[in-house]
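Visitor: Dumping the structure here so I can ask a few things about it.
Protein chains: 2
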Amino acid sequence: MLTVALPKGSLLTDSIRLLQSVGLDFSAFLDSSNRQLQILDPTGTARALLVRTHDVPVYVEYGQAQLGVAGYDVLREKQPRVAQVLDLGFGKCRLSVAVKESSPYRRSLDLPAHGRVASKFVHCAREYFQRLDLPVEIVPLSGSVELGPITGMSEAIVDLVSTGRTLKENGLIEMEVLFESSARLIAHPISYRLNTDGICDRIAAIREMTTTAV
Amino acid sequence: MLTVALPKGSLLTDSIRLLQSVGLDFSAFLDSSNRQLQILDPTGTARALLVRTHDVPVYVEYGQAQLGVAGYDVLREKQPRVAQVLDLGFGKCRLSVAVKESSPYRRSLDLPAHGRVASKFVHCAREYFQRLDLPVEIVPLSGSVELGPITGMSEAIVDLVSTGRTLKENGLIEMEVLFESSARLIAHPISYRLNTDGICDRIAAIREMTTTAV
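Just so you know, the sequences run in chain order A and B. Taking full-length UniProt numbering, I'd label the letters of the first sequence as residues 1 to 214. Taking full-length UniProt numbering, I'd label the letters of the second sequence as residues 1 to 214.
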């Protein structure tokens, strides 16, 4: 049976709407009283798993789901062995370097060598500063990264920015963009190649519904 | 100024009550309308940071907070360079191996070699199975680990158990305990040694209020 891994949080509603448009109804996950992590489409032909956004690529990589929706930011950070098949166009944001507005820094290269950069995106941040040939210490945080510069623990942060409201509220400004992100449809590579459970038809239908292909 | 890092989530209320009993009032964090991540004690002599449970040791290790409250499970998993100064006695739980009740496994050593074990506690799980000389593949998940065996992705999980309700609801049973956990008071090693901001007196007062020392 076709199984789709769906991410909890901000991408969920758009993901479910898109799948509904191609005949897969997992809207039961949008019911606030729902406690199930696994549901069947009413037609009984497909199943969905509701998992943390960082876990979607894990379920798809291990083949427990043939399809999944994940942010490009998560895919860049975790580098899972999955096929990225479509840019779904929603969930747009960017991974950016930000500093305190009161700081003297306006470009990444202004940051002091061996300074500290707090981030949830440790891999992406490390890769970025290595490419700039700027040695910094990445401080791994799991949330509220904006506290890094506020408390003086780090000179800068690397974090996702969508509206910019959180930065503004915390007196931070965006300096440079590492990359733009959006939701991607991912597939288990072998299922994709072998067209298991007719996933290629599903992907084609979803492609029709979206505008931008990767 | 003395800064204390407090964990969001299940340890917060007990942490705040304990600090109140030694004259540090951070109860503003318990107000559901509070959005601040940083507050002062009403006497203006101490500050608290409200951060994710996994980030408490980071703030303490980097010296942005001299004291913090963290679960022993987090300390075992992340191995931060902090001083563990007190067992606070609350937040009791255990890190355990669990499997589907319908599985043939009843001890960790029954698990098949090269089987899969899903966990948020990748480091602890790896260390445990290495000690057993049982080669398994650890599947890193960030939440809802119980889905691992349910979907067939893993034979077992290593996860925190407190009441056992989540396991039961998902048809899983606890096989073996890796270790017992509870909330710990941690300190920045240098601040502790130099008694910065009189933290040794604070620790002594907190010790008086708790029963078990580490």
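Beta carbons: idealized from backbone N, C-alpha and C, even for Gly.
1) Using a Cβ-Cβ distance under 8 Å, would methionine 153 of chain A count as near chain B?
2) Would you decide whether valine 214 of chain B is buried or exposed? Buried here means 16 or more other CB atoms lie within 10 Å of its CB.
3) Give the DSSP bridge partners of proline 7 of chain A, in chain order.
4) Kindly say whether glutamine 36 of chain B, judged by its beta-carbon, lies nearer than 8 Å to any beta-carbon of chain A.
5) Do valine 158 of chain A and valine 117 of chain A have their beta-carbon atoms positioned less than 8 Å apart in this structure?
6) At 8 Å on the CB atoms, spell out the chain A contacts of glutamine 64 of chain B, in chain order.
7) Rounded C-beta distance between leucine 49 of chain B and glutamine 38 of chain B? I'm assuming under 8 Å.
8) Since arginine 52 of chain A meets chain B, which of its residues come closer than 9 Å, beta carbon to beta carbon?
9) Here's the rule I'm using: 16 or more other beta-carbon atoms within 10 Å means buried, otherwise exposed. How should threonine 212 of chain A be labelled?
10) By the three-class DSSP mapping on this structure, what secondary structure does leucine 30 of chain A have?
11) Leaving aside the five residues before and after lysine 8 of chain B along the sequence, list all residues of the same chain whose C-beta is less than 8 Å from its C-beta, in chain order.
12) Buried or exposed, going by whether 16 or more other CB atoms sit within 10 Å of the CB of glycine 44 of chain B?
13) Rank B/Ile150, B/Met153 and B/Ser181 by C-alpha distance to the C-alpha of valine 161 of chain B and give the top, closest one.
14) Quick one: what does DSSP say threonine 202 of chain A is sitting in, helix, strand or coil?
15) Buried or exposed: where does alanine 5 of chain A fall if 16 or more other Cβ atoms within 10 Å of its Cβ makes it buried?
16) Out of B/Asp55, B/Leu109 and B/Val74, which has the shortest C-alpha to C-alpha gap to leucine 95 of chain B?
17) Are the CB atoms of glutamate 176 of chain A and serine 108 of chain A nearer to each other than 8 Å?
18) Measuring only the C-alpha atoms, how far is proline 104 of chain B from isoleucine 173 of chain B?
19) Measuring alpha carbon to alpha carbon, tell me which of B/Ile186, B/Arg76 and B/Gly171 ends up nearest glutamate 101 of chain B.
20) Beta carbon of tyrosine 192 of chain A, beta carbon of alanine 83 of chain A: below 8 Å?
21) Which value, in whole angstroms, describes the spacing of the CA atoms of proline 80 of chain A and serine 142 of chain B?
Guide: To lay it out plainly:
1) For methionine 153 of chain A, the answer is yes, since a Cβ of chain B falls inside 8 Å of its Cβ.
2) Caution is warranted here: a pLDDT of 47 is assigned to valine 214 of chain B, below 50, making its placement in the model unreliable, and the coordinate value is therefore given only provisionally. Looking at its Cβ environment, which holds fewer than 16 other Cβ atoms inside 10 Å, valine 214 of chain B is exposed.
3) According to DSSP, proline 7 of chain A bridges with A/Val51.
4) No, no contact with chain A.
5) Yes, these two residues count as a Cβ contact at 8 Å.
6) Correct list: Thr151, Gly152 and Met153.
7) Contact annotation, leucine 49 of chain B with glutamine 38 of chain B: C-beta distance approximately 6 Å; criterion of less than 8 Å satisfied.
8) Leu141, Ser142, Gly143 and Ser144, listed in chain order.
9) In this prediction, threonine 212 of chain A has a pLDDT of 47, which is less than 50 and means its spatial position is unreliable; what the coordinates show is noted afterwards. Per the 10 Å Cβ criterion, exposed.
10) Note: leucine 30 of chain A maps to helix in three-state DSSP.
11) Result list for lysine 8 of chain B: Leu50, Val51, Arg52 and Thr53, in chain order.
12) Looking at its Cβ environment, which holds fewer than 16 other Cβ atoms inside 10 Å, glycine 44 of chain B is exposed.
13) Distances from the alpha-carbon of valine 161 of chain B to those of B/Ile150, B/Met153 and B/Ser181 put B/Ser181 closest.
14) Per the sequence shown, residue 202 of chain A should be read as arginine rather than threonine. DSSP, read as helix, strand or coil, puts arginine 202 of chain A in helix.
15) The residue is buried, with at least 16 neighbouring Cβ atoms inside 10 Å.
16) Selected option, being the one with the closest Cα: B/Val74.
17) Serine 108 of chain A is positioned such that its CB atom lies closer than 8 Å to that of glutamate 176 of chain A.
18) Distance between the alpha carbons of proline 104 of chain B and isoleucine 173 of chain B is about 12 Å.
19) Ranking the options by Cα distance to glutamate 101 of chain B, first place goes to B/Gly171.
20) When the beta-carbon positions are compared, tyrosine 192 of chain A and alanine 83 of chain A come within less than 8 Å of each other.
21) Going by the C-alpha atoms only, they are around 15 Å apart.
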